[in-house]
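Heads up: the structure comes next, in structure tokens.
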Amino acid sequence: MDTDTIAAISTAVTNAGIGIVRISGEDSFQIIDKIYRSENGKKILSQEKSHTVHYGYICDGEKKIDEVMVLILKSPNTYTKEDTVEIDCHGGILVMRRILETVIKYGARLAEPGEFTKRAFLNGRIDLSQAESVMDLINAKNDFALKSSIDQLGGSLKKAIKEMREKILHEIALIESALDDPEHISMEGYGEQLLEILQELSHRIESLLSVSENGQLLKEGINTAIIGKPNAGKSSLMNVLAGKERAIVTDIAGTTRDMIEEQVNLNGVTLNIMDTAGIRDTQDVVEKIGVDKAKKYLSESDLVFYVIDSSTIFDENDKEILELLDQKKSILLLNKSDLDPVTSEEKVRQILQEREMLHPLISISAKEKSGLEELKAVIQNMFFKGEIQIQDEIYITNVRQKSSLESAKESLSMVERSIADGMPEDFYSIDLMNAYQELGNITGETVGEDLVNEIFSKFCMGK
117 MDTDTIAAIS TAVTNAGIGI VRISGEDSFQ IIDKIYRSEN GKKILSQEKS HTVHYGYICD
177 GEKKIDEVMV LILKSPNTYT KEDTVEIDCH GGILVMRRIL ETVIKYGARL AEPGEFTKRA
237 FLNGRIDLSQ AESVMDLINA KNDFALKSSI DQLGGSLKKA IKEMREKILH EIALIESALD
297 DPEHISMEGY GEQLLEILQE LSHRIESLLS VSENGQLLKE GINTAIIGKP NAGKSSLMNV
357 LAGKERAIVT DIAGTTRDMI EEQVNLNGVT LNIMDTAGIR DTQDVVEKIG VDKAKKYLSE
417 SDLVFYVIDS STIFDENDKE ILELLDQKKS ILLLNKSDLD PVTSEEKVRQ ILQEREMLHP
477 LISISAKEKS GLEELKAVIQ NMFFKGEIQI QDEIYITNVR QKSSLESAKE SLSMVERSIA
537 DGMPEDFYSI DLMNAYQELG NITGETVGED LVNEIFSKFC MGK
């Protein structure tokens, strides 16, 4: 492992009240002693107690750069398990950069993205699932993502994976011991015993996988397309959900020509909403491009809001749009319920029944902001079977982790098939080891250096 002393700005590089420059590595205290000055000029920070804060100045030679507070953190009780110094300075971009340049001048090097957390992982303070949760915590978009990231950072997933790997390793050791000493270790009836253990492990993995899709949606947001005919009220709905005038609203059909995207939070669920051009047959070249884009985004979305104008007749254009919703999670919103209806809720339900479509239908008024609470409830039922519960559930929100779980489950299934086929015990051992290694990929115990580097390269600078 690289043992250079590293440094970086750990707060946003923008003007703010406070900025932090972090230093980590064996030369951290040597560097700070060269650039720190107390008011009386006598304090040597390397001689101070760990986890203490000191007022003074950062200097380059005789030149004062800034008035600061310096935190001294001695290994191993630090984020990286290395000697660490944090310089709390004024949050101006120039002053933070000048302090960082001075730290580098006196012996540190600029940290790579995520290198502080990478060192925490390589030094054994956290496992890979906890390291990934650090970035998830920084990027959390809602309460669920925040809670899930904190739980994983606290080791909830690490604990579950460790327990499963220990059980698998015990069985591997038993099989290998029996193969080495068949006279003293009998394997009679072992297949049936192992089968029960495999079924328990498979059930635990399946429980994690069963919530992985919803976990990822809750973490990253549900990609949602608002579609409908021109002037149905799509942009008005976007503005109501966003809580601001995000899209231009007029009585002129075809006002929206291109995509308008906004992220909104509805009762803890994040929606990545795209307001699209009205779908209709048109000879306008620019509008046609917008219509094509709307259809494309519809096909790629996780959820569709189909806005129907209840003040106009449900025509062939509406029926063509309805056909686009086949096999898509969709909610039909009968808009303009504040006006006298031309198309009734009963009429739309009849059309849905004739086409054997089970999409929810809600009467709303974007103008009066009515029907939105029902919409929120329907979304939660559609994706999360009602109220979101995040107290004790371990959510897999990471594609890499999900892939490893799926591979581990498949390896366990292969052991079950070997038992059913009456195969020798050494066949069990091969697939059990594969499952053990796949689970180890989640915590980082069996991953290669290239994958570790790739994961941490996605982190922000200074973390």
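When the letters of the sequence shown are read in order and numbered with my numbering, they come out as residues 117 to 579.
Heads up, the beta-carbon is just placed ideally off N, CA and C, and yes, glycines get one too.
Source: prediction; values computed, not measured.
Identified DSSP bridge partners for residue i
{"i": "Cys-576", "result": "Cys-576 is not bridged to any residue."}
{"i": "Met-549", "result": "Paired residue(s): none; Met-549 is not in a bridge."}
{"i": "Thr-340", "result": "Ile-389, Leu-419"}
{"i": "Glu-202", "result": "Arg-138, Leu-187"}
{"i": "Gln-379", "result": "Asn-388"}
{"i": "Asp-176", "result": "Lys-179"}
{"i": "Ala-123", "result": "Ile-139, Leu-226"}
{"i": "Val-169", "result": "Leu-187"}
{"i": "Tyr-413", "result": "None; Tyr-413 has no bridge partner."}
{"i": "Ile-424", "result": "Leu-450"}
Rounded C-alpha distance that separates residue i from residue j
{"i": "Ala-247", "j": "Ser-479", "result": "45 Å"}
{"i": "Leu-414", "j": "Met-251", "result": "30 Å"}
{"i": "Phe-572", "j": "Gln-553", "result": "21 Å"}
{"i": "Thr-200", "j": "Glu-183", "result": "19 Å"}
{"i": "Ile-242", "j": "Ala-236", "result": "6 Å"}
{"i": "Lys-485", "j": "Asn-355", "result": "10 Å"}
{"i": "Asp-431", "j": "Glu-336", "result": "36 Å"}
{"i": "Asn-388", "j": "Glu-231", "result": "31 Å"}
{"i": "Glu-285", "j": "Met-549", "result": "What sits at residue 285 in the sequence shown is Leu, not Glu. Their Cα atoms are separated by approximately 8 Å."}
{"i": "Gly-344", "j": "Gly-331", "result": "29 Å"}
{"i": "Arg-533", "j": "Ala-289", "result": "20 Å"}
{"i": "Ile-561", "j": "Glu-470", "result": "Per the sequence shown, residue 561 should be read as Glu rather than Ile. Answer to the nearest angstrom: the Cα atoms are 55 Å apart."}
{"i": "Asp-176", "j": "Ile-188", "result": "20 Å"}
{"i": "Arg-373", "j": "Ala-132", "result": "Low confidence applies here, because Arg-373 scores a pLDDT of 42, under 50, leaving its location unreliable; read the following figure in that light. C-alpha separation (whole angstroms): 39 Å."}
{"i": "Lys-165", "j": "Met-185", "result": "15 Å"}
{"i": "Ile-301", "j": "Ala-551", "result": "24 Å"}
{"i": "Ala-341", "j": "Ser-417", "result": "6 Å"}
{"i": "Ser-460", "j": "Asn-339", "result": "29 Å"}
{"i": "Ile-364", "j": "Leu-357", "result": "Note that Ile-364 scores a pLDDT of 41, beneath 50, so its modelled location is shaky; the value from the coordinates is reported in the next line. Distance between the alpha carbons of Ile-364 and Leu-357: 14 Å."}
{"i": "Val-169", "j": "Leu-567", "result": "37 Å"}
{"i": "Glu-287", "j": "Lys-278", "result": "15 Å"}
{"i": "Ile-447", "j": "Leu-474", "result": "10 Å"}
{"i": "Phe-145", "j": "Ile-160", "result": "9 Å"}
{"i": "Asp-367", "j": "Ala-393", "result": "At Asp-367 the pLDDT is 45, less than 50, meaning the model places this residue with poor confidence; the figure from the coordinates comes in the next sentence. Cα-Cα distance, rounded: 14 Å."}
{"i": "Lys-158", "j": "Glu-178", "result": "15 Å"}
{"i": "Lys-180", "j": "Ser-154", "result": "11 Å"}
Cβ neighbours of residue i in the same chain (closer than 8 Å, five flanking residues each side left out)
{"i": "Arg-225", "result": "Asp-120, Thr-121, Ile-122, Ala-123"}
{"i": "Asp-454", "result": "Ser-481, Lys-483, Glu-484, Ser-486"}
{"i": "Gln-379", "result": "Lys-257, Gly-337, Thr-386, Leu-387, Asn-388, Ile-389"}
{"i": "Asp-425", "result": "Gly-344, Lys-345, Asn-347, Ala-348, Gly-349, Asn-451, Lys-452, Thr-459"}
Other residues of its chain near residue i: CB distance less than 6 Å, five sequence neighbours each side excluded
{"i": "Gln-517", "result": "Ile-558"}
{"i": "Lys-492", "result": "Leu-382, Asn-383"}
{"i": "Ser-249", "result": "Ser-265, Gln-268, Leu-269"}
{"i": "Leu-273", "result": "Ser-245, Ile-510"}
{"i": "Ile-535", "result": "Gly-307, Leu-311"}
{"i": "Gly-108", "result": "What is shown of the chain runs 117 to 579, which leaves residue 108 out entirely."}
{"i": "Ala-256", "result": "Leu-262, Ser-265"}
{"i": "Val-458", "result": "Ser-427, Thr-428, Ile-429"}
{"i": "Leu-449", "result": "Phe-421, Val-423, Ile-478, Ile-480"}
{"i": "Lys-435", "result": "none"}
Neighbourhood of residue i by C-beta, 7 Å cutoff - its chain only, sequence neighbours within 5 removed
{"i": "Ile-147", "result": "Thr-121, Ile-139, Val-219, Tyr-222, Gly-223, Ala-224"}
{"i": "Gly-556", "result": "Arg-281, Thr-562"}
{"i": "Leu-440", "result": "Lys-411, Leu-414"}
{"i": "Tyr-171", "result": "Met-185"}
{"i": "Ile-495", "result": "Leu-382, Val-385"}
{"i": "Met-209", "result": "In the sequence as presented, Met is not what sits at residue 209; that position holds Ile. If we look at Ile-209 and ignore the five residues flanking it on each side, its Cβ neighbours are Val-129, Thr-130, Asn-131."}
Proximity below 7 Å, CB of residue i to CB of residue j
{"i": "Val-327", "j": "Tyr-544", "result": "no"}
{"i": "Ile-321", "j": "Lys-525", "result": "yes"}
{"i": "Arg-359", "j": "Ala-482", "result": "Checking the sequence shown, residue 359 turns out to be Gly, not Arg. No, Cβ-Cβ distance for Gly-359 and Ala-482 is not below 7 Å."}
{"i": "Ile-215", "j": "Val-129", "result": "no"}
{"i": "Asp-408", "j": "Ser-351", "result": "no"}
{"i": "Leu-477", "j": "Val-423", "result": "no"}
{"i": "Ser-162", "j": "Asp-149", "result": "yes"}
{"i": "Glu-198", "j": "Gly-141", "result": "yes"}
{"i": "Lys-444", "j": "Val-420", "result": "yes"}
{"i": "Phe-499", "j": "Pro-229", "result": "no"}
{"i": "Leu-528", "j": "Ser-318", "result": "yes"}
{"i": "Thr-127", "j": "Asn-258", "result": "no"}
{"i": "Ile-125", "j": "Ile-151", "result": "no"}
{"i": "Leu-314", "j": "Val-531", "result": "yes"}
{"i": "Thr-233", "j": "Lys-579", "result": "yes"}
{"i": "Ile-254", "j": "Glu-541", "result": "no"}
{"i": "Leu-325", "j": "Leu-521", "result": "yes"}
Chain C contact for residue i (CB, 7 Å cutoff)
{"i": "Val-137", "result": "Although the question refers to chain C, the structure presented lacks it and comprises just one protein chain."}
**OP:** Pick out the complete alpha helix (DSSP H) segments inside the region 207-258, 4 residues or longer, and give them in chain order.
**Re:** 209-221, 231-238, 244-254
Next on the checklist: Quick check for students: name the residue ranges of the alpha helix (DSSP H) that lie wholly in the region 450-526, counting only runs of 4 or more.
Outcome noted: 461-470, 488-500
Which ranges would you report for the alpha helix (DSSP H) in the region 258-322 if only whole runs of at least 4 residues count? 259-269, 272-296
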